[in-house]
Ligand code: SF4
Ligand code: SF4
Ligand code: SF4
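Chains as they are written, first to last, in the working numbering: chain L, 1072 to 1401; chain R, 36 to 418.
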């Protein structure tokens, strides 16, 4: 091996090693996390207020023109009345799921208890689905923070389905021309000045619409007050009087607002009476996964300088080698 | 002819293995047709929890690594200027050609909205932060580069030596791209998983994923070259390439050794050693992978292996199994979306994968018989 080649290869290997070493040794350069958008709207779902009526599931179907799902196993008590979807799917953007233990006597208790949870897009502050999508089909509104999907851009790679830490986006596997479906916060209704269908229909205010910062204050206020004391629960939209509030004794909450830190934070937040893992809300680290993956990409491909320099070097040596052996064979 | 060193193997095309492979390819084709008529759900067990199945994990993630022979050898032959390995170059390129081209085909079958694939090339849709975006463009470009790199074989076959000589002047550009592009996208196949976070077991999830994927791609590339050389020279009674392979094997042993050291140190450093001994499926798979890697490393490192075809063959099989398993685990087995989702491929889904692999081997056979690919073939009079 000639001297030039050796120095180049040494440098290339050294550069690569340095890039990876700097990233591995704790000092890994994450991309800066996105902040909460200026007019971030969101939802506070209070699991203890939820009575499991699934009115929101039905309303969501209607608002988004999705087919009603009634699994056969519930057919003896549910004949063409209510949507009883069990999980998110290409046909269901919003679902109420149940935690149940033992005799299922007490609401919001871990032992012999039961509790409800509502699942749909959390409209992450730094969403994985937006970060992973190769064709910008997932977009986060810079003002309201709502994450929407553009099916005309989407190529159906399903990386967003794979990568969402909360298992939200779904693909219509049973349609030859299937598309990705996910809750888009009813922006079509919001444009007409209406509330997201699920918050509009919720009879107890368990699904409460509003500005994220105000919802967060509301959540903290509920956590700070004494369990058992009477509390006035708003309904529909926080700070709006379309629906009268109702009074009820404050339940015993888990002292944690889910969604403040999870993967960089989310605009939908949860108050629960049982630990969130029991409800299928996964334990997720605070650093957003998007900032980790993009940090690595940006380190390796900063301005494409490293790849281009590498290419130049590779061309130089390839040229030398091919010239050398063009005498014998290709 | 001045280029007698590469020549077509000749011989009958319609052999028994050919027909068997053809049948599998046709069965695969049948289910591919169903996929397009009735949707992905009709043939696969993919779901909201496991939106990627074996078509991605095996055909693409493993398939392209098995197609890294061309990449691995080009690095050695042209960049490190090790001319002795030159005879292995063309068959390696051919393997890469099919590995990648058919991985591309698998992607199109798998894409849920394949009729919009061209959006990847429209600048106003581009999303350069997406690892998938980089992988997609890089792989497309590399498939083109592979065909160009391999084209001298066609040009020679059809007597277009003038064109070939012209192309040869610029070949260095494609050779360089042929090393750069796989370096980029093979490491990115690791980066694709960085966004998985807690959905992937810490035994696999690490910030080193890009490097680990790059190293396994190179190692598997050499593994394929060794396997190809031993199988083809034996099957067609060609002069053995043992001498060259003997020089290659310690190199691969070093590469694998590095991989193992990095992997174990990293897990220990992150404090997840306990998971190796958790006694669950992940733990089992972890050891299975690494023991096979270790086996390949030890055998390839042995001095006596260098002159022993059988050991060499065994080592390359171990290496390819280990590398494939590593990728399968990272993408499917050790991935857990929670909420009770499970996945096991359906029979039609498997048949598509088997069909694609059969087609790959089938085309390989046709090409080495009809085109000047192999080295040291005695001139065949009639073909
Ligand atoms: S919950 Fe999932 S789909 Fe919704 S914004 Fe976050 S990453 Fe995207
Ligand atoms: S499936 Fe569609 S929206 Fe999701 S990442 Fe792929 S292209 Fe983007
Ligand atoms: S905001 Fe709209 S789309 Fe989202 S869950 Fe509620 S009703 Fe469904």
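C-beta atoms are modelled at their ideal positions from N, C-alpha and C, and glycine is treated no differently.
Residue i: CB within 7 angstroms of a non-hydrogen atom of ligand 2
i, result
"residue 1226 of chain L", "yes"
"residue 1205 of chain L", "yes"
"residue 43 of chain R", "no"
"residue 1194 of chain L", "no"
"residue 1230 of chain L", "yes"
"residue 1064 of chain L", "Given that chain L is displayed from residue 1072 to residue 1401, the structure contains no residue 1064 of chain L and the question cannot be resolved."
"residue 1251 of chain L", "yes"
"residue 1247 of chain L", "no"
"residue 1240 of chain L", "yes"
"residue 80 of chain R", "no"
"residue 410 of chain R", "no"
"residue 307 of chain R", "no"
Identity of the residue in the options nearest residue i by Cα
i, options, result
"residue 1132 of chain L", "L:1207, L:1160 and L:1201", "L:1160"
"residue 249 of chain R", "R:215, R:332 and R:260", "R:215"
"residue 258 of chain R", "R:58, R:56 and R:107", "R:107"
"residue 1217 of chain L", "L:1157, L:1170 and L:1338", "L:1338"
"residue 1371 of chain L", "R:42, R:78, R:163 and R:117", "R:163"
"residue 1279 of chain L", "L:1168, L:1310 and L:1162", "L:1310"
"residue 1177 of chain L", "L:1136, L:1100, L:1323 and L:1113", "L:1323"
"residue 1228 of chain L", "R:185, R:182 and R:153", "R:153"
"residue 352 of chain R", "R:324, R:368 and R:369", "R:324"
"residue 1274 of chain L", "L:1355, L:1116, L:1259 and L:1134", "L:1116"
"residue 1111 of chain L", "L:1199, L:1211 and L:1357", "L:1211"
"residue 329 of chain R", "R:115, R:280, R:309 and R:287", "R:287"
"residue 386 of chain R", "R:44, R:61, R:45 and R:51", "R:61"
"residue 1103 of chain L", "L:1190, L:1369 and L:1394", "L:1369"
"residue 1349 of chain L", "L:1120, L:1172 and L:1078", "L:1172"
"residue 94 of chain R", "R:59, R:110 and R:142", "R:142"
"residue 281 of chain R", "R:261, R:209 and R:200", "R:261"
"residue 59 of chain R", "R:408, R:404, R:388 and R:409", "R:388"
Under 8 angstroms between C-beta atoms of residue i and residue j
i, j, result
"residue 291 of chain R", "residue 252 of chain R", "no"
"residue 1234 of chain L", "residue 1243 of chain L", "no"
"residue 1335 of chain L", "residue 1195 of chain L", "yes"
"residue 166 of chain R", "residue 226 of chain R", "yes"
"residue 173 of chain R", "residue 131 of chain R", "no"
"residue 1226 of chain L", "residue 344 of chain R", "no"
"residue 393 of chain R", "residue 56 of chain R", "yes"
"residue 224 of chain R", "residue 96 of chain R", "yes"
"residue 1109 of chain L", "residue 1223 of chain L", "no"
"residue 63 of chain R", "residue 391 of chain R", "yes"
"residue 72 of chain R", "residue 135 of chain R", "no"
"residue 429 of chain R", "residue 317 of chain R", "Nothing can be reported for residue 429 of chain R, as the shown portion of chain R is limited to 36 through 418."
"residue 364 of chain R", "residue 239 of chain R", "yes"
"residue 1287 of chain L", "residue 232 of chain R", "no"
"residue 1157 of chain L", "residue 1142 of chain L", "yes"
"residue 1167 of chain L", "residue 229 of chain R", "no"
"residue 1209 of chain L", "residue 1192 of chain L", "no"
"residue 335 of chain R", "residue 285 of chain R", "yes"
"residue 1301 of chain L", "residue 1316 of chain L", "no"
"residue 1181 of chain L", "residue 1123 of chain L", "no"
"residue 370 of chain R", "residue 1389 of chain L", "no"
"residue 105 of chain R", "residue 184 of chain R", "yes"
"residue 1308 of chain L", "residue 1257 of chain L", "no"
Any non-hydrogen atom of ligand 1 within 7 angstroms of residue i CB
i, result
"residue 1108 of chain L", "no"
"residue 174 of chain R", "no"
"residue 1039 of chain L", "Residue 1039 of chain L lies beyond the range of chain L shown here (1072 to 1401); nothing can be said about it."
"residue 1121 of chain L", "no"
"residue 1199 of chain L", "yes"
"residue 1283 of chain L", "no"
"residue 1218 of chain L", "yes"
Specify which residues have a beta carbon nearer than 5 angstroms to any heavy atom of ligand 3, listing them in chain order.
Output, sorted by chain position: L:1131, L:1164, L:1165, L:1191, L:1254, L:1256, L:1257, L:1267, L:1268 and L:1269.
Jot down the residue ranges of each uninterrupted beta strand (DSSP E) in the region 1284-1372 of chain L, minimum 3 residues, whole runs only, in chain order.
With a minimum length of 3 residues, the continuous beta strand (DSSP E) runs that stay inside the region 1284-1372 of chain L are 1301-1304, 1317-1320 and 1339-1342.
Residue ranges of each beta strand (DSSP E) run of no fewer than 3 residues wholly in the region 1196-1246 of chain L, ordered along the chain?
Qualifying beta strand (DSSP E) stretches, in chain order: 1209-1211 and 1218-1220.
Alpha helix (DSSP H) segments (min. 4 residues) lying fully within the region 333-370 of chain R:
Counting only runs of 4 or more, we get 344-363.
Report the start-end ranges of each alpha helix (DSSP H) in the region 150-220 of chain R that is 4 residues or longer and not cut off at the edges.
If we require 4 residues or more, the alpha helix (DSSP H) runs fully inside the region 150-220 of chain R come out as 166-192.
Whole runs of the alpha helix (DSSP H) within the region 57-128 of chain R, excluding any shorter than 4 residues
Contiguous alpha helix (DSSP H) elements confined to the region 57-128 of chain R occur at 75-78, 98-101 and 104-109, taking only those with 4 or more residues.
Please specify which runs of the beta strand (DSSP E), each continuous and at least 3 residues long, are wholly inside the region 1147-1184 of chain L, giving them in chain order.
Under the rule that a run must span 3 or more residues, the beta strand (DSSP E) segments found entirely inside the region 1147-1184 of chain L read 1166-1171.
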